[in-house]
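S.K.: Sharing a structure with you now.
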Amino acid sequence: MSEPNDPERDEQEPDAQDDLAEDESDAEDDPELDFGAEVAAARAAAAGLEVDSDPDPSLGDRPYTKEEAGLRSKVGWGRSPIVSVAVIIVGLFLLVATWSDFAYFLHFGQSAPRELGQVGDIYQGGEFSERFDNEWVHLQGEPDVQHAARMETREGWVGFLRLIEADASLFVAVPRDTEKASNEFPGEFSGRIVRLQDSPQWDKLQQFFKAEEIVDLVDLKPASVEAALASTGQSGALAGPELDLVTGGTTTLGADEQVRVIARMPVGMAQLGRDTWKTQEQAEATIAVLGVPWTFVEKRNMFWVFAVWTGPNAEVDVFQRMTRALNGGEDLVGADPKKGALVLPRRATYLTTAGDLQGKEGRVSFTYGENTAGTGWVVSGDKLTEVGLEDGRLQIPAKAVEEVRVERQLAINPKGYLLMVDQKPTDVWPSAVMFGAVLGVVLLNLWALVATLRRRRASAAA
Numbered sequence: 000m001s002e003p004n005d006p007e008r009d010e011q012e013p014d015a016q017d018d019l020a021e022d023e024s025d026a027e028d029d030p031e032l033d034f035g036a037e038v039a040a041a042r043a044a045a046a047g048l049e050v051d052s053d054p055d056p057s058l059g060d061r062p063y064t065k066e067e068a069g070l071r072s073k074v075g076w077g078r079s080p081i082v083s084v085a086v087i088i089v090g091l092f093l094l095v096a097t098w099s100d101f102a103y104f105l106h107f108g109q110s111a112p113r114e115l116g117q118v119g120d121i122y123q124g125g126e127f128s129e130r131f132d133n134e135w136v137h138l139q140g141e142p143d144v145q146h147a148a149r150m151e152t153r154e155g156w157v158g159f160l161r162l163i164e165a166d167a168s169l170f171v172a173v174p175r176d177t178e179k180a181s182n183e184f185p186g187e188f189s190g191r192i193v194r195l196q197d198s199p200q201w202d203k204l205q206q207f208f209k210a211e212e213i214v215d216l217v218d219l220k221p222a223s224v225e226a227a228l229a230s231t232g233q234s235g236a237l238a239g240p241e242l243d244l245v246t247g248g249t250t251t252l253g254a255d256e257q258v259r260v261i262a263r264m265p266v267g268m269a270q271l272g273r274d275t276w277k278t279q280e281q282a283e284a285t286i287a288v289l290g291v292p293w294t295f296v297e298k299r300n301m302f303w304v305f306a307v308w309t310g311p312n313a314e315v316d317v318f319q320r321m322t323r324a325l326n327g328g329e330d331l332v333g334a335d336p337k338k339g340a341l342v343l344p345r346r347a348t349y350l351t352t353a354g355d356l357q358g359k360e361g362r363v364s365f366t367y368g369e370n371t372a373g374t375g376w377v378v379s380g381d382k383l384t385e386v387g388l389e390d391g392r393l394q395i396p397a398k399a400v401e402e403v404r405v406e407r408q409l410a411i412n413p414k415g416y417l418l419m420v421d422q423k424p425t426d427v428w429p430s431a432v433m434f435g436a437v438l439g440v441v442l443l444n445l446w447a448l449v450a451t452l453r454r455r456r457a458s459a460a461a
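Using numbering that gives the first Met the number 0, you'd call the opening residue of the sequence shown number 0 and step up by one each time.
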């Protein structure tokens, strides 16, 4: 250690300082000497890495290593194309999900909903007259309030009702204040109409109306049925051919479909009040005054019942004339069934299947089976006798058949429509905005993906 007053140390210190200053000055004056690059190269050499000669502009003048250069060549410019592809795929799903709302929003320019008129104007023969997907419409129809469904949605309680004229192909969704709100709805509805299968409540609606077991009554024209039966005269003639409907259009029946045959008998049912006629003998004596074949049917709590012959297709005045004759020339005495007499037309309803019905020589026959309605009466002398069965089958005149009705359990039609009441095009603006934003993101990523692929192709060609 030198002493503070060492003369040699004092002489050397100025020389060392001069040398250091000279070195720094030389480094600044040398244009080919890059101090930062030299340091980076030294660090890379110490780590055992090879150094690429091209510098990385984002890192100043520091060159990047071979590993860094390889990574950059894999990534290319910007981000990985995989990210763009993923964003595009997710965006496409979102566009599909919001397209319906966006398309409905485009109707905001309408000053009023499209007028469709009555349900019967757009639905005939089991088909809609045209497509009404995602439109803003106004419609009139009778709702089936007996089979109304209630569901809670994010917007609150909603009532779902079937419009009767369209079978199970047209429903309305009506907002309700509470779950217990009345089922009384007007016959006019305005709002957005969409396919049933596309509505969020489709699964629940299907389950509800399947459990309700709604039956639709389809009335066939008796003349069409008679013609179909007479074509072969064999069982099964009604199953297969086109049959005319009373409401217009045609339908076909399956062999196992249940059919109701409603026939008008050539007799009237006379009811004689038991307060006026105390005994059956007194009632029979009065019935005989009519001068037509008759038979006693049964005794009820309030009156005696007789079947009296009127002839086929008797008019109303025939029954009125018989009623006056039984009441001594007067009309029905008051409304008390125990007093006076009344003669009414007789109709009977029989159940059978389309495949069991037969038609031959102006008569219709079917297996009587478990039917409870009477078989009817025929004239035998001055009396009426019951019609008998032939091999378990009942035969009735084809002209006596007034109605042929098919009962079909309605199945909700997935391709039908749901009218969402009070939903206007402007109500879905959030979804429309989302659609536009997602579309922009998808297009931007598509452009980035195309640019990346072009750069890579150009780089590979070079």
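Quick reminder that beta carbons are idealized off the backbone N, C-alpha and C, glycines included.
1) Consult DSSP for Arg455 and reduce its assignment to one of helix, strand or coil.
2) Please return the same chain residues whose Cβ sits closer than 8 Å to the Cβ of Ser83, not counting the five positions on each side in sequence.
3) Taking just the CA atoms, how far does Glu126 sit from Lys414?
4) Using a Cβ-Cβ cut-off of 6 Å (strictly less than) and excluding sequence neighbours within five positions of Leu115, which residues of its own chain qualify?
5) Closest by CA to Asp255, which one among Glu211, Gln319 and Leu350?
6) Could you work out which residue in Val386, Gln205, Gly339 and Val296 is closest to Glu321 when comparing CA atoms only?
7) From what residue to what residue does the beta strand (DSSP E) around Ser379 run?
8) Tell me the DSSP bridge mates of Gly158?
9) Is Met433 helix, strand or coil when you go by DSSP?
10) What's the call for Leu169, buried or exposed, on a 16-neighbour Cβ count within 10 Å?
11) So, Gly354 versus Ala229, is the Cβ gap smaller than 7 Å?
12) Measuring straight from C-alpha to C-alpha, what distance separates Val217 and Asn370?
13) Cα separation between Ile213 and Glu314?
14) When the distance is taken between beta carbons, is Pro265 closer than 7 Å to Gly310?
15) Decide if Glu134 is buried, meaning its Cβ has at least 16 other Cβ atoms within 10 Å, or exposed.
16) Give the DSSP bridge partners of Ala399, in chain order.
17) Mind checking whether Gly361 and Val307 have CB atoms under 7 Å apart?
18) Taking just the CA atoms, how far does Tyr367 sit from Gln279?
19) Buried or exposed for Phe104, going by 16 or more other Cβ atoms inside 10 Å?
20) The beta strand (DSSP E) with Met301 in it runs from where to where?
21) Measuring straight from C-alpha to C-alpha, what distance separates Ser223 and Gly435?
22) Could you spell out where the alpha helix (DSSP H) holding Thr97 opens and where it closes?
23) Considering Cα atoms alone, identify which of Val245, Val378 and Gly253 is closest to Leu356.
24) Ignore the nearest five residues each way along the sequence and tell me which others in Met419's own chain have a CB closer than 6 Å to its CB.
25) Beta-carbon separation of Leu244 and Thr251 under 7 Å?
26) As an exercise, report each continuous alpha helix (DSSP H) stretch of at least 4 residues that is fully enclosed by the stretch 261-289, in chain order.
27) Roughly how many angstroms separate the alpha carbons of Arg299 and Ala262, rounded to a whole number?
28) What does the alpha-carbon distance come out to for the pair Ala347 and Ala148?
29) Please return the same chain residues whose Cβ sits closer than 8 Å to the Cβ of Gly401, not counting the five positions on each side in sequence.
30) Could you say if the stretch 198-210 and the stretch 391-401 meet the contact criterion of at least three C-beta pairs nearer than 8 Å?
31) Please determine, among Val405, Thr384 and Leu242, the residue with the shortest C-alpha to C-alpha distance to Phe295.
32) Restricting to runs no shorter than 4 residues, where is the alpha helix (DSSP H) found entirely within the stretch 313-389?
33) Confirm, please, whether the CB-CB distance from Ala238 to Leu409 is below 7 Å.
34) If distances are taken between C-alpha atoms only, which option among Lys423, Val405, Gly333 and Leu289 comes closest to Asp381?
35) Ala226 to Lys398, Cα distance in whole Å?
36) Any idea if Val441 is buried or exposed, counting beta-carbon neighbours within 10 angstroms, 16 or more meaning buried?
M.R.: According to the data block:
1) helix
2) Asn444, Leu445, Ala447, Leu448 and Thr451
3) 10 Å
4) Ile121, Val136 and Leu138
5) Leu350
6) Reading off the sequence, residue 321 comes out as Met, not Glu. When each option's Cα is compared against that of Met321, the closest is Gly339.
7) Trp376 to Ser379
8) Arg149 and Val173
9) helix
10) buried
11) no
12) 21 Å
13) 36 Å
14) yes
15) buried
16) In DSSP, Ala399 forms no bridge with anything.
17) no
18) 31 Å
19) buried
20) First-last for Met301: undefined, no H or E at that position.
21) 57 Å
22) Pro80 to Phe104
23) Gly253
24) Ala172, Gly190 and Arg191
25) no
26) 279-287
27) 24 Å
28) 36 Å
29) For clarity, residue 401 is Glu in the given sequence; the question names Gly instead. Taken in chain order, the residues that qualify are Pro221, Ile261, Ala262, Arg263 and Arg346.
30) no
31) Thr384
32) 315-325
33) no
34) Leu289
35) 12 Å
36) buried
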